[in-house]
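Chains A and B are the protein sequences, given in the same order. Residues in the first sequence are numbered from 1 upward in steps of one, following the working numbering. Residues in the second sequence are numbered from 115 upward in steps of one, following the working numbering. Yeah, the Cβ is synthetic: ideal placement off N, Cα and C, and Gly gets one too.
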Amino acid sequence: AQSVTQPDIHITVSEGASLELRCNYSYGATPYLFWYVQSPGQGLQLLLKYFSGDTLVQGIKGFEAEFKRSQSSFNLRKPSVHWSDAAEYFCAVGEGRSARQLTFGSGTQLTVLP
Amino acid sequence: DAMVIQNPRYQVTQFGKPVTLSCSQTLNHNVMYWYQQKSSQAPKLLFHYYDKDFNNEADTPDNFQSRRPNTSFCFLDIRSPGLGDAAMYLCATSRGGLAVQETQYFGPGTRLLVL
Chain A
1 AQSVTQPDIH
11 ITVSEGASLE
21 LRCNYSYGAT
31 PYLFWYVQSP
41 GQGLQLLLKY
51 FSGDTLVQGI
61 KGFEAEFKRS
71 QSSFNLRKPS
81 VHWSDAAEYF
91 CAVGEGRSAR
101 QLTFGSGTQL
111 TVLP
Chain B
115 DAMVIQNPRY
125 QVTQFGKPVT
135 LSCSQTLNHN
145 VMYWYQQKSS
155 QAPKLLFHYY
165 DKDFNNEADT
175 PDNFQSRRPN
185 TSFCFLDIRS
195 PGLGDAAMYL
205 CATSRGGLAV
215 QETQYFGPGT
225 RLLVL
C-alpha cells in the first residue's frame, strides 16, 4: 500500500526566508505526486503536480518541487516566503494509472514571522 | 469562473439527525469525490463517482451514503450523525474520460458540527 510521510508537523520561517517542506512517499510503481495548500477553514488548492518528465516542477505562487526517485522524495521549495504563504501544506500520491485515489500525508503547518 | 461549490459552508446538526451536504461543479468533470477531514488530519477519501458508477472505499462506514443525480451535483448523506462525524467534508472533481493521470480540484469544504 502506498503511503506519504511529511516529517515536519510544524515549520516556522521569517518572511523573505527560503522554505523547504519535506515529503517522502512509498509506492511500488511510478508515483504521481501532488502538493496542495489549505488555508484555515478552506478547501485544498493545487500548487503543483508531477506525473513524468522533468523532475523539477514549477507551480503557482512561486513554489517548485523536485522529484528524487532515489530518495523517494518530493520536497516543496520557495526561495522567498511571503506572509500570505502561512497555511497547511499537504503532499499526496496518486494510486493507479489514473492517480484517482489520493493518499495524503499528515500535513505541515507553516507559520511565517514578520 | 468554473469551480467546485459546496453548500452550506457550515452545518450544525443534532446527534442522530440525518444531514445532507451538497456539492456542485461547473467544470463538467466526470468524477466527483467526497473526503472527510478531521481536525489536524489529512483528508480521507470516503467514496467517488465516475459518472453514475459509485465507488465506495472499503473502510467508509455504512452511515455515509452518496447520490449523484446528474453530472453537476453530488450529495453526501449522513444517516445518523455521531459526535465522531464532526469534521470538514471536502468535495473534489476530476476530468475522468480519456485522461490518464488526473488532477483533483477541491471545493471550499463544509464544516459539520454535531451537537
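If you draw a straight line from the Cα of Gln-128/B to the Cα of Val-57/A, it comes to about 46 Å. The C-beta of Pro-195/B comes no closer than 8 Å to any C-beta of chain A.
Assigned with DSSP and collapsed to three states, Arg-181/B falls in strand. For Thr-174/B, there is no enclosing beta strand (DSSP E), as DSSP marks it with neither H nor E. Remark: C-beta atoms of Ala-200/B and Leu-226/B approach each other more closely than 8 Å.
A Cβ-Cβ distance of about 7 Å is found for the pair Phe-189/B and Leu-135/B, placing them in contact under the 8 Å criterion. Within the region 82 to 96 of chain A, those residues whose Cβ lies closer than 9 Å to any Cβ of chain B are, in chain order, Glu-88, Phe-90, Ala-92 and Gly-94. Within the region 185 to 225 of chain B, the complete beta strand (DSSP E) segments at least 3 residues long are 187 to 192 and 201 to 208, listed from N- to C-terminus. CA-to-CA, the gap between His-10/A and Tyr-36/A works out to about 16 Å.
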